[in-house]
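The numbering used here puts the first residue of the sequence shown at 559, with every later residue one more than the last. Taking it in order: structure first as C-alpha cells, then the write-up.
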Amino acid sequence: MSFLRKMLPVLLLGTILGVLLSIGGNVLAEKEAAKNAASLPLEDLRAFSEIFGQIKSAYVEEVSDHDLLENAIKGMLSGLDPHSSYLDEKAFKDLQEGTRGEFGGLGIEVGMEDGFIKIVAPIDDTPAFRAGVQSGDLVIRLDGKPVKGMSLSDAVKIMRGKPGTDIVLTIVREEGNMPFKVKITRAIIKVVSVKQRMLEPGYGYVRIASFQSRTGASLNEALDKLKKENKDDVLKGLVLDLRNNPGGLLNAAVAVSDAFLTSGLIVYTEGRVENSKMRFKAKPGDSIKGAPIVVLINGGSASASEIVAGALQDQKRAVIMGQQSFGKGSVQTVLPNNNGGAIKLTTARYFTPAGRSIQAKGITPDVALTKLKLEKIGGDFEPVKESDLGKHLENTDDKAESKGADANGIEKDYPLNEALNLLKGINILNK
C-alpha cells in the first residue's frame with residue numbers, strides 16, 4: 559500500500575483549504591523522524607538549547623516550555639513556504655469542517671505576505687464578499703490588533719468566531735492612498751459549490767465557487783438540470799466560471815475535469831517521496847457530448863481551479879478566457895499528531911497533462927481579457943498571485959511557459975458575454 563494511500567488521502571489545494579487530509583500515517587512519520595534524528599546537526603541543536611534557556615531565564619515574562627516549543631514548531635513550518643503551518647487541535651477541527659463546505663467565519667481565502675494577510679479571493683455569497691473584500695487586499699489589522707508578527711493560523715483563529723459577532727479589518731488596497739476599515743459580521747459559511755443557469759437556449763452556464771467533496775456530483779446534477787431546461791436535451795455550449803475560485807479538494811478538481819474528458823491524463827504530482835507521485839486519468843464519457851466549453855479564470859483562480867483549466871487546455875477540450883491565474887501548484891499534506899493537532903506540510907508539486915508546472919506562474923488564458931475595466935480591481939493593480947507570496951516554491955519546469963462572481967445578468971458581466979459570443983462563433987465554424 560502506498561504512503562499516501564495508507565494515510566487515507568483527501569487531496570486539497572488552496573491557501574487554507576488547499577491541503578491533503580490524511581488520517582493515520584503516524585507510525586511512518588515516527589519511523590522517518592527516528593531515522594532523521596541520527597543525522598541532526600549537533601551544533602544547531604546546541605544553539606537551539608542555548609536560546610531556549612536564555613528565553614526561559616531572561617524574557618520579561620515567564621514562558622512555559624509548552625508555549626516555547628509550540629512556537630518553535632510554528633516558526634519551523636512557516637519558514638518553509640506560505641502554505642506549510644502548524645495546526646493545533648482546534649485549527650485542525652476547523653480545517654476538517656471547512657472541507658465539508660460549512661464553517662464559521664468571514665468567507666475569505668487568505669495567505670501571508672511579509673507578515674501580513676493577503677486576500678486570495680472572497681468566497682461567493684459570504685460576509686466578506688458582501689462587504690466588498692477583494693482579491694489582492696492586504697489586511698494589516700484585525701480588530702485594531704496589528705497582524706505583523708502573527709502566524710497565519712493565529713490570524714485565522716481571530717477571524718473565525720461565534721456567528722453574529724463582528725470583526726473590523728483594516729485593509730490596504732493598491733489603488734488607495736490610505737488604509738480603510740471594513741466591518742464584517744461573522745456567519746456560518748455554507749459554501750454553495752456549484753450554481754447553474756441557462757444563458758440562452760442551448761447555452762449553459764456553470765459557476766464553481768470552490769472544490770468540495772460533493773462538487774463532482776453537484777456538477778453532474780447541474781448539467782442534468784441544464785439539459786432538461788434545454789428543449790433538445792443537448793447543450794450547444796457551456797461556460798464554466800472558475801473566477802475567484804481559490805481551490806479546494808484535488809479529487810473534486812479531477813472529477814470536474816473528468817466530466818468533460820473521455821481519456822488521457824488530468825493531472826499528476828511529484829515529490830521527494832517516491833510514493834507521493836500520483837497520476838489521475840480520465841474515464842470514458844463526456845457529460846455534454848463534446849459541446850464546446852469556455853472556461854473563465856482570473857487572478858483569484860487558484861490550485862484546483864488551475865488543475866481543471868490546465869487539464870482542459872492541454873487536452874484541447876476548452877478555450878481558457880480571462881486573466882493569468884494565481885499560480886499555486888503545490889500539494890499540502892496534513893499529518894495528524896498525537897497531541898490532537900497536525901502539521902500542514904508541502905509535499906509535492908502538481909503538473910498539467912503536458913507536463914507544465916504552474917507553480918508561481920499560473921495558467922495563461924488562450925483569450926486574454928487583461929485590460930477590461932470590469933475585470934480589474936482598480937487602476938493598473940493586478941491581483942496577488944502565488945509568485946507574490948514570500949518563500950513561495952520556485953517553478954522547476956524551465957519549459958513551462960475583478961471579480962468573477964455569478965453575475966445577476968450577462969449584460970453586466972462583459973467576460974461572460976464574450977464567452978457566450980465565442981461559443982456561438984465556434985458553433986458557426988463547426989457547421
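Even glycine gets a Cβ: it sits at the ideal position worked out from N, Cα and C.
Span separating the alpha-carbon of residue i from that of residue j
i: GLU671; j: ASN788; result: 47 Å
i: ALA876; j: GLY920; result: 17 Å
i: LEU893; j: GLY774; result: 25 Å
i: ARG837; j: LEU808; result: 12 Å
i: GLY984; j: VAL705; result: Residue identity check: residue 984 is Ile in the sequence provided, not Gly. Spanning the two alpha carbons is a distance of roughly 49 Å.
i: ASP625; j: GLY829; result: 32 Å
i: GLY880; j: VAL749; result: 24 Å
i: ILE681; j: GLU619; result: 41 Å
i: GLN890; j: LYS902; result: 6 Å
i: GLY870; j: VAL797; result: According to the sequence as given, residue 870 is Leu; it is not Gly. Cα to Cα, the separation comes out at about 13 Å.
i: GLU779; j: PRO842; result: 18 Å
i: LYS786; j: ASP799; result: 20 Å
i: ASP816; j: ASP844; result: 8 Å
i: THR922; j: PRO973; result: 16 Å
i: ILE878; j: GLY899; result: 40 Å
i: VAL764; j: ARG755; result: 7 Å
i: VAL752; j: ALA689; result: 22 Å
i: LYS934; j: VAL691; result: For LYS934, the pLDDT reaches just 42, beneath the cut-off of 50, and the residue's location in the model is therefore unreliable, although a value from the coordinates is still provided. So the alpha carbons of these two residues sit roughly 14 Å apart.
i: LEU552; j: LEU777; result: One cannot answer for residue 552 here, as it falls past the ends of the chain, which runs 559 to 989.
i: GLY702; j: VAL730; result: 14 Å
i: GLU976; j: VAL814; result: 23 Å
i: SER615; j: SER622; result: 11 Å
i: ARG604; j: GLN612; result: 12 Å
i: GLY805; j: LYS989; result: 36 Å
i: LEU927; j: MET634; result: 40 Å
i: VAL632; j: ASP782; result: The sequence given here places Lys at residue 632; Val does not occur at that position. If you take the alpha carbons of LYS632 and ASP782, they lie about 46 Å apart.
i: THR728; j: MET736; result: 10 Å
i: GLU601; j: LYS835; result: 35 Å
i: ARG772; j: GLY762; result: 21 Å
i: ASP652; j: LYS970; result: 36 Å
Proximal residues to residue i (C-beta, below 7 Å), its chain only, five neighbours per side dropped
i: ASP639; result: THR904, LYS949, HIS950, LEU951
i: GLY847; result: In the sequence as displayed, the identity of residue 847 is Lys instead of Gly. So the qualifying residues of the chain are VAL792.
Residue nearest to residue i in terms of C-alpha spacing, selected from the options
i: ARG699; options: ARG718, LYS839, PHE738, SER771; result: PHE738
i: ILE979; options: ASP816, PRO850, ARG875; result: Correcting the residue identity first, residue 979 is Asn in this sequence and not Ile. It is PRO850 whose Cα lies nearest to the Cα of ASN979.
i: GLY885; options: LEU796, GLY857, LEU870; result: GLY857
i: GLU667; options: GLY673, THR684, GLU758; result: THR684
i: GLY694; options: ALA810, TYR763, VAL853, ALA860; result: ALA860
i: ALA810; options: TYR763, LEU727, PHE769; result: PHE769
i: GLY760; options: VAL740, LYS753, ASP790; result: ASP790
i: GLY707; options: LYS835, SER636, LYS614; result: SER636
i: PHE610; options: LEU598, ALA630, PRO599, ILE986; result: ALA630
i: ASN803; options: LYS753, ILE766, LYS783; result: ILE766
i: GLU758; options: GLN692, ALA813, GLY795; result: GLY795
i: LEU981; options: ALA862, GLU647, PRO599, VAL852; result: VAL852
i: SER607; options: SER597, LEU627, TYR617; result: LEU627
i: VAL925; options: SER771, ASP652, LEU854; result: LEU854
i: LEU645; options: ALA867, ALA862, LEU598, LYS715; result: LYS715
Own chain residues within Cβ distance below 6 Å of residue i, not counting five before or after
i: GLY936; result: In this prediction, GLY936 scores a pLDDT of 45, lower than 50, which makes its location untrustworthy; no coordinate-derived value is stated.
i: LEU664; result: PRO685, ALA686, MET717, ILE742
i: ASN864; result: A small correction: the amino acid at residue 864 is Glu; Asn does not occupy that position in the sequence shown. These residues qualify, in order along the chain: SER883, ILE916, ILE921.
i: GLU944; result: PHE884, GLY885, LYS886, ALA918, HIS950
i: VAL726; result: ASP701, LYS739, LYS741
i: ALA649; result: SER711
i: LEU696; result: PHE674, LYS676, VAL730
Cut-off 8 Å between Cβ atoms - residues of its own chain near residue i, not counting five sequence neighbours on either side
i: LYS839; result: SER821, GLY822, LEU823, ILE824
i: LEU819; result: ALA840, ASP844, ALA869, LEU870, GLN873, ARG875
9 Å Cβ cutoff, residue i in contact with chain B
i: PRO599; result: The question asks about chain B, but that chain is absent: this structure has only one protein chain.
Any non-hydrogen atom of the ligand GTP closer than 8 Å to residue i Cβ
i: GLU732; result: As for the ligand GTP, it is missing from this structure, which has no ligand bound.
Item to check | Inter-stretch contact at 8 Å, needing at least 3 Cβ pairs: the segment 734-752 / the segment 708-724 | outcome: Three or more pairs of CB atoms, one per stretch, sit closer than 8 Å, so the segment 734-752 contacts the segment 708-724.
Checklist entry - Do the segment 814-825 and the segment 900-916 touch if we need at least three Cβ pairs shorter than 8 Å? => result Output reads yes: the segment 900-916 touches the segment 814-825.
Checklist entry - Which runs of the beta strand (DSSP E) spanning at least 3 residues fall entirely within the segment 847-919, listed in chain order? => result DSSP runs (the beta strand (DSSP E)) wholly in the segment 847-919: 851-855, 877-880, 888-894, 900-909.
Next on the checklist: Just to confirm the assignment: which complete beta strand (DSSP E) runs, minimum length 3, are found wholly within the segment 713-739?
Outcome noted: Annotation: the segment 713-739 contains the following complete segments of the beta strand (DSSP E) (minimum length 3 residues), in chain order: 724-730.
Next on the checklist: As an exercise, report each continuous beta strand (DSSP E) stretch of at least 3 residues that is fully enclosed by the segment 748-788, in chain order.
Outcome noted: Annotation: the segment 748-788 contains the following complete segments of the beta strand (DSSP E) (minimum length 3 residues), in chain order: 752-758, 761-766.
Item to check | Segments of 4+ residues assigned as alpha helix (DSSP H) that fall wholly inside the segment 612-644 | outcome: You should have 623-636.
Checklist entry - In chain order, which continuous runs of the beta strand (DSSP E) of length 3 or greater are located wholly inside the segment 659-692? => result Those beta strand (DSSP E) runs which fall completely within the segment 659-692 and span 3+ residues are 660-663, 666-671, 674-680.
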